[in-house]
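So the sequence shown is numbered by the working numbering: it starts at 38 and just counts up by one. Glycine residues also receive a C-beta, built at the ideal position from the N, C-alpha and C atoms. Written out below as structure tokens is the structure these notes cover.
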Amino acid sequence: MGQQDEEIFLPSKTPCTRHDLIQLQERFHVMLYQEEALEIGLCPKRRRIYNDLFDELIRIITLQCCERGLLLARIRNEFLQWMSEYE
């Protein structure tokens with residue numbers, strides 16, 4: 038479940054369509070622009086937005102194939118742990 042601008046929403050449990058992914062990509066670009074995320078270098082805003090996108094992609098893929106989603110979540114967790122060691 039998430040909350041944005043006083044609006045509460047629940048993730049869908051229905052499979053994602055191509056149109057849904059296009060909308061997700063457009064929303065992703067809008068968020069980068071609105072947050073004024075830097076295009077190069079280290080940027081906490083950009084990193085947060087990318088993390089949110091990756092979490093959403095993991096959710097979508099998990100609905101299609103649980104094992105694939107769990108593997109992606111494991112990769113994400115390993116990467117986040119690796120990154121935290123360098124901060």
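Three-state secondary structure (DSSP) at residue i?
{"i": "Ala-74", "result": "coil"}
{"i": "Thr-99", "result": "helix"}
{"i": "Tyr-87", "result": "helix"}
{"i": "Leu-79", "result": "coil"}
{"i": "Tyr-123", "result": "coil"}
Any heavy atom of the ligand NAD closer than 7 angstroms to the CB of residue i?
{"i": "Tyr-87", "result": "Judged by which ligands are present, the structure shown has none, so any question about the ligand NAD falls away."}
Which value, in whole angstroms, describes the spacing of the CA atoms of residue i and residue j?
{"i": "Leu-79", "j": "Phe-91", "result": "18 angstroms"}
{"i": "Ile-77", "j": "Tyr-87", "result": "13 angstroms"}
{"i": "Arg-113", "j": "Asp-89", "result": "11 angstroms"}
{"i": "Glu-115", "j": "Leu-75", "result": "25 angstroms"}
How would you call residue i, buried or exposed, if buried means at least 16 neighbouring beta carbons within 10 angstroms?
{"i": "Ile-95", "result": "buried"}
Within 8 angstroms, do at least three Cβ pairs link the stretch 46 to 65 to the stretch 96 to 107? yes
Contact the stretch 102 to 115 vs the stretch 55 to 68: 3+ CB pairs below 8 angstroms: no
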